[in-house]
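A.B. asks: Numbering that gives the first Met the number 0 puts the first residue of the sequence shown at 0, with every later residue one more than the last.
Every residue gets a Cβ at the ideal spot worked out from N, C-alpha and C, and that includes glycine.
Nothing here was measured: the structure is a model prediction, and the numbers come from that model.
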Amino acid sequence: MNLLSLLMLSAVANIAVQEAKPVGNSMMWVTTEDYPAVALREGMEGASAVQLSISAEGAVTGCSVTASSGHRILDDLTCNLLKLRGQFDPAKDRRGRAMASQYDQRVRWQLPKDGDLARQPAPQPFSMVADFDVSETGEIENCRTSWQTALPGAPDFCAGRNSVPMVPFRDATGKAVRRHVIFRSSVTIEDSVDPNPTAHPPAAAPIK
């Protein structure tokens with residue numbers, strides 16, 4: 000097998016057969032609350048199209064503007080926010096191995112209604128599970144965070160946690176023992192239910 004054949008085989012192996020996929024709702028990575036004050040004052044609107052560089056670990060490592068909104072401040076902020084908040088399941092090659100890839104995204108900057116600016120943002124659904132071990136001396140080890148539904152901009156539950164020891168768990172005899180802890184947190188948005196259905200009786204059927 001010559002060098003050209005080897006290079007061709009290598010190129011085929013590096014072709015993604017499974018594209019990178021956003022973790023959670025990528026539309027929430029940039030929201031109305033992120034609108035720059037100067038852009039609001041000057042009435043700036045537009046759509047920023049960007050190409051993201053995704054690492055084999057699913058992190059956003061780069062961002063380039065492919066179509067400008069017409070306002071550099073909006074384009075730059077789009078990239079900064081997507082690099083900060085973007086999370087991906089990485090692309091996979093033919094052998095199922097994670098690989099670096101590109102991902103195209105478009106963010107529409109549209110001026111909010113005046114009434115919306117004075118209100119706090121509505122809560123967003125998310126689901127997070129974290130687990131860690133507490134050693135016999137109270138040290139926190141092996142902390143891992145798993146997002147079922149990501150919350151944009153949320154801090155990592157495990158960040159810095161290993162540096163703060165806990166009071167160790169003890170068994171029935173008072174001996175310090177190692178324990179595994181699972182922490183769950185979530186917000187669910189559901190349809191509202193009438194709290195007083197009797198206050199709204201069904202209309203009477205017409206008399207024939």
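#1: Grab me the residues of S54's own chain with a C-beta within less than 6 Å of its C-beta, minus the 5 sequence neighbours each way, in chain order.
#2: In the DSSP output, what is C62 paired with across the bridge?
#3: Do Q123 and V192 count as a contact pair if the criterion is CB distance below 9 Å?
#4: Tell me the DSSP secondary structure of K174 in three-state form.
#5: Helix or strand or just coil, what does DSSP make of K221?
#6: Closer than 8 Å to a non-hydrogen atom of the ligand ATP - does that hold for the CB of V106?
#7: Helix, strand or coil, according to DSSP, for A38 in the structure here?
#8: So, do the stretch 60-70 and the stretch 31-50 have three or more beta carbon pairs nearer to each other than 8 Å?
#9: What do you get for P194, buried or exposed, if any count of 16 or more other CB atoms within 10 angstroms of its CB means buried?
#10: Suppose the cutoff is 7 Å on Cβ atoms and the five residues either side in sequence are ignored; what does the same chain contact list for T144 look like?
#11: For the stretch 101-109 and the stretch 132-139, state whether three or more C-beta atom pairs, one from each stretch, are separated by less than 8 Å.
#12: For the alpha helix (DSSP H) holding D130, just list the boundary residues, first then last.
#13: Got a sec? Which residues, its chain only, sit under 7 Å from N141 by beta carbon, not counting five neighbours each side?
#14: Could you tell me the boundaries of the alpha helix (DSSP H) in which N79 lies?
#15: On the DSSP bridge assignment, give the partners of S145 in chain order.
C.D. replies: According to the structure shown:
#1: T60, A99
#2: L51
#3: no
#4: coil
#5: What is shown of the chain runs 0 to 207, which leaves residue 221 out entirely.
#6: Inclusion of the ligand ATP in the displayed structure is not the case, the ligand content being empty and no account of it being possible.
#7: helix
#8: yes
#9: exposed
#10: M127, A129, D155, F156, C157
#11: no
#12: Per DSSP, D130 belongs to no alpha helix (DSSP H); it is in the beta strand (DSSP E), 125-133.
#13: F131, D132
#14: 71-84
#15: V128
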